[in-house]
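J.: Quick one: the structure is below, and I'll ask about it shortly.
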Amino acid sequence: MTLFLLTGIMILTYAMLVCHRIPALIQNFRLQSLFLFLVTLDFAVRQKEAGVFVVAGLLLLVKVILVPSFLNHLVKKIKVDERLGLFLNPLLSLIAALFLTWGAAVFCAWLVSDSPVVVFAAFVVSITVVMVGFFIMVFRMKAITQIVGLLVMENGIFLLASSIAGGMPFFVEIAIAFDVFICAIITGIFMYRINKVFTHIEVHRLTDLKG
Amino acid sequence: MLFSIVIIPVLAAVFSVLLPARLRGTANLAAHGVLLVLAGLLAYRISGGSGIVAFGGVLRADALSAFFIFLISLVNLAALVYSRPYLQEDIDGGVLSVRQARGYDILFNVFAATMLLVPLLDNLGHMWVAVELTTLASAFLVGFYNTKASVEAAWKYVIICSVGITLALLGTVLVYYAVAAQTDTKTLDWSVIMGRAAGLNPRIMSVAFLFILVGYGTKAGLAPMHTWLPDAHSQALTPVSALLSGVLLKTSLYAIIRFAMITNKTMGPEFTSRLFIFFGLFSVAVAGIFLLAQKDFKRLLAYSSIEHVGIIVFALGVGTPLAVFGSMFHALNHAVTKSLVFFAAGNAVKKYKTHHLHMIHGLVQALPFTAAAALVGLLSLVGMPPFGIFMSKLMILSACFQKGLYGPAALLLLFLAVVFGALIYHVSASIFGHKPKGVEFGAEALGMKVVFVCLALLLLLLGVMMPTPLQTLLISASRLITGGGV
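Residue numbers (my numbering), protein chains in the order written: chain A, 9 to 219; chain B, 286 to 771.
Here it is as structure tokens:
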């Protein structure tokens, strides 16, 4: 079951790199979060711990429903061009992602050499998701892609926490979920402001401050 | 006591929402005054003794946290007193509205609360959340003027620091995994992990510490992850620049130190020591290069912050009791000095209506009091006696020689010489010389003068003699870090 869900997350992560438009990227993020929710739910059912169910519910609320809807709303409101602006085309991005996955596998084989296959797979997928999140932040032009990239990175770490270490302590999870939510809102507000003062949200054109 | 330290700024934020302007100023002043007294009491009570816990173990303070709490409250109070007249001028000049000034008071207190929370939390996960909250709370203070430059700075600040912090979370999860795998206890409580650190998997801990160092190091302003720092420091409101530089960077350093303590216990001090020395020297070198070519007054000070964070981290890397003592002492000296210089720079920038160093001349004729403060701060900043930074640099360098680290010490001295030249060259030209025609002679508000005098006297005091309570506190804090005797 876990392996199946991990595969799903992997496919969705790659799919993010071939997105051309902002709504598609956000939708992809929503799906990835949904799979993350399923991983946590699966874990909650097996552990039969009330706390993990709450964490899973919170994940569903924040990352699957609230944050993507907020981002969609914001994108509609600022009425920017929906294209993402790719510095690297989808094919090259995919090839880069494959190399990142390979690197993650080598790294994890070194790091956790004597662990079961599921733990190893979870490690590899999580590290790949974190790196792809970072990749999206760097190789896409719009401010919104930096927000989504950041959220993807956080998804990767959350996956690592829940699949290899059995979830972090309850109050830590709650605090982190709250924090992710605030972070999304605040970066969203700043994106709105950027659009207002610069009349675009292309981050590579923010070059007033140098040296 | 620990609880009240966190709750006072929160209450002050609530009062800032409710009260009218005049009462708000008094209430804030009272709140932060009480906070400083409480921090002093806490430091006095803990130093030499063991730590105390509160709130069912969620809050915990030992000498190290007490020192950082004291540092934060001190700079907070200075920034608050300075920001009264500073904001009033902006309101009178029509740059800010009265409503925005209220917003400033609220954000200032929220920012203070999040910073004070960091050293008080025992759980490393909670600490991570608190560090991220400091970024989010201060982001609006960086983008406060809502100009193109300030919005750009705020965006870079939030995004770069959040990425850094996310890597730190990865490090935290790895530590959690190492603890869970080795000891079958699921915990992120620092005090518990510290007790079991000896048996953790060294390979995982080394990777975890790398993520922690790069992650929190981004927020602490270590090169090459420092790129957000000059933008944010130069665009923020001046009192906030002082807070960012004086204490925000240090709360991240605090997080790094806590993890370094665990890592050292697992795999001996050599691993963290090498990394600290490398990043420390690299930061001082990068700062030196950028300082040489700097044209913006506040950016100049921002790069100087990178230099000083580099020195503090370098000293942690040297790792002998004297070096760590010097490192903590340097953190205090830098916080006080940098606040003083930033406040002076803020006045100068306002008077000349430009950040450009080549257009700020003859400050001594235009704002004599500010010029004196800038001069004292500058001399202290570059490490001239009889000010505090001279003493702490001396301690760090002699510890370095004692340990036989001649190469790193020589490099540090070389880079420090570059910084010395650059700072003196740039700032002295602004302080002296002839003031431009359009700039009139002016006087500072009383509140500003009080802050300048207090900070300058404190600098002098720290340079000539060390008060015994401070010495006890610093000794017990560095004893905690080195994990043994002094």
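Note that beta-carbon positions come from the ideal geometry of N, C-alpha and C, so glycine has one too.
#1: Whole angstroms are fine: how far does the CA of Leu168 (chain A) sit from the CA of Leu11 (chain A)?
#2: Hey, would you say the C-beta of Leu666 (chain B) is under 7 Å away from at least one heavy atom of the ligand ZN?
#3: Whose Cβ in chain A lies nearer than 9 Å to the Cβ of Asn431 (chain B)?
#4: Could you have a look at Val380 (chain B) and say whether DSSP puts it in helix, strand or coil?
#5: What residues from chain B crowd round Gly16 (chain A), counting only those whose CB sits closer than 9 Å?
#6: Please report how far the alpha carbon of Val211 (chain A) lies from the alpha carbon of Ile444 (chain B), in whole angstroms.
#7: Going along chain A in order, which residues have a C-beta closer than 8 Å to the C-beta of Asp407 (chain B)?
#8: Would Met479 (chain B) pass as a contact of Met552 (chain B) if the rule is Cβ separation under 8 Å?
#9: Does any residue of chain A bring its CB to less than 8 Å from the CB of His411 (chain B)?
#10: With a threshold of 16 other CB atoms inside 10 Å of the CB of Pro404 (chain B), please say whether the residue is buried or exposed.
#11: What residues are listed by DSSP as bridge partners for Ala578 (chain B)?
#12: What residues of chain A sit near Asp516 (chain B), judged by a beta carbon separation below 8 Å?
#13: Please state whether DSSP places Ile337 (chain B) in a helix, a strand or coil.
#14: Cβ closer than 7 Å: which chain B residues qualify as neighbours of Ile152 (chain A)?
#15: Taking C-alpha atoms, which residue in B:Pro524, B:Thr503, B:His619 and B:Ala578 lies nearest to Phe564 (chain B)?
#16: So, is Lys122 (chain A) buried or exposed, given that buried needs 16 or more other C-beta atoms within 10 angstroms?
#17: Taking 8 Å as the cut-off, decide whether the C-beta atoms of Ala508 (chain B) and Leu485 (chain B) are in contact.
#18: Looking at Ser612 (chain B): is its Cβ nearer than 8 Å to the Cβ of Ile562 (chain B)?
#19: Which residues, in order along the stretch 350 to 379 of chain B, keep a beta-carbon less than 9 Å from a beta-carbon of chain A?
#20: Using a C-beta to C-beta distance shorter than 8 Å, which residues of chain A count as neighbours of Val403 (chain B)?
#21: Find the nearest neighbour of Pro98 (chain A) within the set A:Phe131, A:Ile144, A:Ala129 and A:Val126, judged by alpha-carbon distance.
#22: Could you give the distance in angstroms between the alpha-carbon of Met676 (chain B) and the alpha-carbon of Gly748 (chain B)?
#23: Would you kindly work out how many angstroms separate the C-alpha atoms of Leu323 (chain B) and Ile331 (chain B), rounded to a whole number?
#24: In chain A, what lies closer than 7 Å to Arg488 (chain B) by C-beta?
#25: State the start and end residues of the unbroken alpha helix (DSSP H) segment that holds Arg213 (chain A).
#26: Listing by chain order, which chain B residues have their CB less than 9 Å from the CB of Cys116 (chain A)?
#27: Verify the CB distance criterion: does Thr523 (chain B) have a CB-CB separation below 8 Å to chain A?
#28: Does any residue of chain A bring its CB to less than 8 Å from the CB of Lys638 (chain B)?
#29: Using 8 Å as the Cβ pair cut-off and three pairs as the minimum, do the stretch 287 to 298 of chain B and the stretch 343 to 362 of chain B touch?
#30: Taking just the CA atoms, how far does Ile709 (chain B) sit from His719 (chain B)?
#31: Below 8 Å between beta carbons: does that hold for Ser568 (chain B) and Gly602 (chain B)?
#32: Within 10 angstroms of the Cβ of Gln40 (chain A), are there 16 or more other Cβ atoms? Answer buried if so, exposed if not.
#33: Could you tell me which residues DSSP pairs with Lys150 (chain A) in its beta bridges?
#34: With a cut-off of 8 Å, does the C-beta of Ala608 (chain B) fall near any C-beta of chain A?
#35: Specify, as a first and last residue, the run of the beta strand (DSSP E) that Arg345 (chain B) falls within.
#36: Within 8 Å, do at least three Cβ pairs link the stretch 512 to 520 of chain B to the stretch 429 to 445 of chain B?
T.: So, from the listed chains and residues:
#1: 13 Å
#2: Ligands are entirely absent from the displayed structure, and the ligand ZN is therefore not among its contents.
#3: Arg201, Lys204 and Val205
#4: coil
#5: Here the premise fails: no neighbours, minimum Cβ distance about 21 Å.
#6: 11 Å
#7: Within chain A, no residue comes near Asp407 (chain B); the closest Cβ sits about 12 Å away, beyond 8 Å.
#8: no
#9: yes
#10: buried
#11: In DSSP, Ala578 (chain B) forms no bridge with anything.
#12: Leu217
#13: strand
#14: Chain B residues near Ile152 (chain A): none, gap ~12 Å exceeds 7 Å.
#15: B:Thr503
#16: Lys is not the amino acid found at residue 122 (chain A); the sequence shown has Asp there. Label assigned to Asp122 (chain A): exposed.
#17: no
#18: no
#19: none
#20: Correct list: empty, because the minimum Cβ distance to chain A is about 13 Å.
#21: A:Ile144
#22: 6 Å
#23: 12 Å
#24: Leu119
#25: No alpha helix (DSSP H) holds Arg213 (chain A); DSSP gives it neither H nor E.
#26: None at all; the shortest Cβ gap to chain B is about 10 Å.
#27: no
#28: no
#29: yes
#30: 17 Å
#31: no
#32: buried
#33: A:Glu210
#34: no
#35: Leu344 to Ala346
#36: yes
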